[in-house]
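Written below as structure tokens is the structure these notes are about.
Here's what the structure looks like:
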């Protein structure tokens, strides 16, 4: 085999590899978006997913098709021993203020952490309460407590609870329980705002806070 | 009856022409690439972006790299070979040792930027960066994703800025072909991002009716009080800006490859991402995306940047030496 032929074969090999790589990436992104064809679950579809999923995982939604429009706030209130429930607290206000003041700092990234809390709570509400309603069930205190426990048992729910307990400002021994809540601030609707019908945003809370009470019996044993 | 197209002489000349064209293309692929300067500068910019990302998060080490963070980092799966490379930081054995991965990442990235032993430092910096990002997984966004993809591809090409020095002609041909093809794949990957984002936006009602920015700039996490006030006071301008984002994402994948419009699209993109950085507060996203734009600069433009930045540091070092004397 001449040197020229060897070089050309090397070039052809690299070009073919590049075309295969590009094709697998396009296939992977299309397959991850929707299932337009039955080949999504075929051998080549699975190969594309396993190839790209290692080092070439990608998802380019980037605020599309639906951009963020609502503000979510993660609220906590505490109950101390021999006291009533306290006021709702929103801890991320200071972080948000710093994020607005200093654009290239950690504050913006810290907000991502809090975002996981209200995602867990809000999505938990949506899926579990709505599924219960669609199944014809009524929402009563027992159902609310059960769904609340399920949300708190999820990984992000556990982290939200741990965050709330860690940021309790009083002596830990005084903490009897806490409630977690997601508050949603809707944007000003363009038509209503321009016509002067409204100048303030709608603020609403999810229907039921998630309640956690300290388990005094197990604490006594430990 | 024999026609011109079916005559043996015509068919032979078409075949020879085809073979000559294909042969010339394959010969061209294995020649020394012209994009060595761009790849070297891209390597440095990717390295700097990764260092900035880590330094940005270090003041809140406990929230992002510590052992008791408030988010799930993922579970280490010993049966998945890739976890032994890019997910060691979440192995139970590495609990609380995030600082080791950070030190390794910063050291490797410095060596990579300096161009020292790139065959070792580029892959090692990539793996260290993946592990550090695995610790701070909650902060990852599209910019991190794109830089990770470009970083992966830089491992397999010559990003030293100098021709490859293999003694074997075949290895040299392989290196040249890989460098040429990977450079184009990097460019295609970047335009693919904008193409996909534009396509998804095409299916979004708020994007199509021009109201996306009007509503998104009311979310404090992705806005600023003055930006929100601006959008509410001047909804027409907010709508025009929404449409300009769509226009940019539709035009960039094509016009960035046309000589006359290339630089204009790069500058438009830079302003677009600067807006995302300072108006929406997604600072690292903007920095990461802009760092990959080096792939669309010409050799002269990259040399100009190298001379300006390199010259700045040389003058600072000379000044420091004079002061010391």
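Protein chains in written order, with this note's numbering: chain A, 807 to 1028; chain B, 147 to 471.
Note that beta-carbon positions come from the ideal geometry of N, C-alpha and C, so glycine has one too.
Could you pull the start and end residues of the beta strand (DSSP E) that residue i belongs to?
{"i": "residue 931 (chain A)", "result": "Where residue 931 (chain A) is concerned, there is no enclosing beta strand (DSSP E), although the alpha helix (DSSP H) it sits in stretches over 913–940."}
{"i": "residue 1016 (chain A)", "result": "1016–1019"}
On the premise that residue j lies in contact with residue i, defined as a C-beta separation below 8 angstroms, what is that separation, rounded to the nearest angstrom?
{"i": "residue 168 (chain B)", "j": "residue 200 (chain B)", "result": "46 angstroms between Cβ atoms; not a contact."}
{"i": "residue 440 (chain B)", "j": "residue 432 (chain B)", "result": "No, residue 440 (chain B) and residue 432 (chain B) are not in contact; Cβ-Cβ is about 15 angstroms, not under 8 angstroms."}
{"i": "residue 993 (chain A)", "j": "residue 395 (chain B)", "result": "That pair is no contact at about 23 angstroms."}
{"i": "residue 991 (chain A)", "j": "residue 876 (chain A)", "result": "7 angstroms"}
{"i": "residue 353 (chain B)", "j": "residue 870 (chain A)", "result": "6 angstroms"}
{"i": "residue 309 (chain B)", "j": "residue 178 (chain B)", "result": "5 angstroms"}
{"i": "residue 438 (chain B)", "j": "residue 296 (chain B)", "result": "6 angstroms"}
{"i": "residue 350 (chain B)", "j": "residue 343 (chain B)", "result": "About 10 angstroms separates the two Cβ atoms, so there is no contact after all."}
{"i": "residue 170 (chain B)", "j": "residue 817 (chain A)", "result": "That belief does not hold up - the Cβ atoms of residue 170 (chain B) and residue 817 (chain A) are roughly 11 angstroms apart, past 8 angstroms."}
{"i": "residue 220 (chain B)", "j": "residue 236 (chain B)", "result": "6 angstroms"}
{"i": "residue 898 (chain A)", "j": "residue 927 (chain A)", "result": "No, residue 898 (chain A) and residue 927 (chain A) are not in contact; Cβ-Cβ is about 14 angstroms, not under 8 angstroms."}
{"i": "residue 986 (chain A)", "j": "residue 1016 (chain A)", "result": "5 angstroms"}
{"i": "residue 969 (chain A)", "j": "residue 216 (chain B)", "result": "5 angstroms"}
{"i": "residue 300 (chain B)", "j": "residue 189 (chain B)", "result": "6 angstroms"}
{"i": "residue 998 (chain A)", "j": "residue 1006 (chain A)", "result": "Contact doesn't hold; Cβ gap of about 11 angstroms is too wide."}
{"i": "residue 983 (chain A)", "j": "residue 957 (chain A)", "result": "Rounded, the Cβ-Cβ distance is 16 angstroms, inconsistent with contact."}
{"i": "residue 942 (chain A)", "j": "residue 949 (chain A)", "result": "12 angstroms between Cβ atoms; not a contact."}
{"i": "residue 884 (chain A)", "j": "residue 974 (chain A)", "result": "6 angstroms"}
{"i": "residue 436 (chain B)", "j": "residue 292 (chain B)", "result": "Wrong, their Cβ atoms sit about 11 angstroms apart, outside the cutoff."}
{"i": "residue 319 (chain B)", "j": "residue 166 (chain B)", "result": "Actually they are not in contact, since the Cβ atoms of residue 319 (chain B) and residue 166 (chain B) sit about 19 angstroms apart, beyond 8 angstroms."}
{"i": "residue 305 (chain B)", "j": "residue 268 (chain B)", "result": "7 angstroms"}
{"i": "residue 451 (chain B)", "j": "residue 187 (chain B)", "result": "6 angstroms"}
{"i": "residue 812 (chain A)", "j": "residue 155 (chain B)", "result": "Rounded, the Cβ-Cβ distance is 31 angstroms, inconsistent with contact."}
What first and last residue would you give for the alpha helix (DSSP H) that runs through residue i?
{"i": "residue 423 (chain B)", "result": "405–424"}
{"i": "residue 330 (chain B)", "result": "315–348"}
{"i": "residue 979 (chain A)", "result": "Note, residue 979 (chain A): premise wrong, no alpha helix (DSSP H); not H, not E."}
{"i": "residue 430 (chain B)", "result": "429–437"}
{"i": "residue 362 (chain B)", "result": "358–362"}
{"i": "residue 964 (chain A)", "result": "961–972"}
{"i": "residue 861 (chain A)", "result": "849–861"}
{"i": "residue 389 (chain B)", "result": "381–401"}
{"i": "residue 278 (chain B)", "result": "264–281"}
{"i": "residue 99 (chain B)", "result": "This structure leaves residue 99 (chain B) out entirely; chain B is present only between 147 and 471."}
{"i": "residue 297 (chain B)", "result": "288–301"}
{"i": "residue 901 (chain A)", "result": "898–907"}
{"i": "residue 998 (chain A)", "result": "996–1000"}
{"i": "residue 1005 (chain A)", "result": "From DSSP, residue 1005 (chain A) is part of no alpha helix (DSSP H); its letter is neither H nor E."}
{"i": "residue 443 (chain B)", "result": "Element bounds for residue 443 (chain B): n/a, residue is neither H nor E."}
{"i": "residue 353 (chain B)", "result": "351–354"}
Which residue's Cα is closest to the Cα of residue i: the options?
{"i": "residue 204 (chain B)", "options": "B:406, B:162, B:425 and B:285", "result": "B:285"}
{"i": "residue 909 (chain A)", "options": "B:281, B:371, B:279 and B:265", "result": "B:371"}
{"i": "residue 444 (chain B)", "options": "B:265, B:180, B:161 and B:397", "result": "B:180"}
{"i": "residue 855 (chain A)", "options": "A:875, A:861 and A:834", "result": "A:834"}
{"i": "residue 278 (chain B)", "options": "B:288, B:310 and B:255", "result": "B:255"}
{"i": "residue 900 (chain A)", "options": "A:929, A:912, A:891 and A:832", "result": "A:912"}
{"i": "residue 227 (chain B)", "options": "A:997, A:861 and A:812", "result": "A:861"}
{"i": "residue 202 (chain B)", "options": "B:402, B:238 and B:252", "result": "B:252"}
{"i": "residue 1019 (chain A)", "options": "A:886, A:822, A:825 and A:817", "result": "A:886"}
{"i": "residue 336 (chain B)", "options": "B:320, B:265, B:367 and B:294", "result": "B:294"}
{"i": "residue 222 (chain B)", "options": "B:269, B:280 and B:245", "result": "B:280"}
{"i": "residue 231 (chain B)", "options": "B:195, B:274 and B:216", "result": "B:274"}
{"i": "residue 333 (chain B)", "options": "B:442, B:450 and B:166", "result": "B:442"}
{"i": "residue 260 (chain B)", "options": "B:234, B:194, B:238 and B:272", "result": "B:194"}
{"i": "residue 962 (chain A)", "options": "A:937, A:922 and A:1013", "result": "A:922"}
{"i": "residue 1009 (chain A)", "options": "A:907, A:812, A:953 and A:878", "result": "A:878"}
{"i": "residue 1002 (chain A)", "options": "B:174, B:182 and B:378", "result": "B:378"}
{"i": "residue 172 (chain B)", "options": "A:967, A:832 and A:821", "result": "A:821"}
{"i": "residue 881 (chain A)", "options": "A:863, A:925, A:819 and A:823", "result": "A:925"}
{"i": "residue 282 (chain B)", "options": "B:368, B:411 and B:209", "result": "B:209"}
{"i": "residue 903 (chain A)", "options": "B:369, B:218, B:446 and B:447", "result": "B:369"}
{"i": "residue 446 (chain B)", "options": "B:163, B:326 and B:184", "result": "B:184"}
{"i": "residue 774 (chain A)", "options": "A:872, A:934 and A:919", "result": "Summary: the structure shown does not reach residue 774 (chain A), with chain A confined to residues 807 through 1028, and so no result is reported for it."}
Can you check DSSP and say which residues form a bridge with residue i?
{"i": "residue 990 (chain A)", "result": "A:878 and A:1010"}
{"i": "residue 885 (chain A)", "result": "A:891 and A:983"}
Nearer than 8 angstroms: is that true of the beta carbon of residue i relative to any heavy atom of the ligand FAD?
{"i": "residue 948 (chain A)", "result": "This structure simply doesn't include the ligand FAD, nor any ligand for that matter."}
- request: Write down every uninterrupted run of the alpha helix (DSSP H) in the region 165–243 of chain B whose length is 4 residues or greater and which is fully enclosed by it, in chain order.
  value: 182–203, 207–210 and 229–232
Whole runs of the beta strand (DSSP E) within the region 811–845 of chain A, excluding any shorter than 3 residues: none
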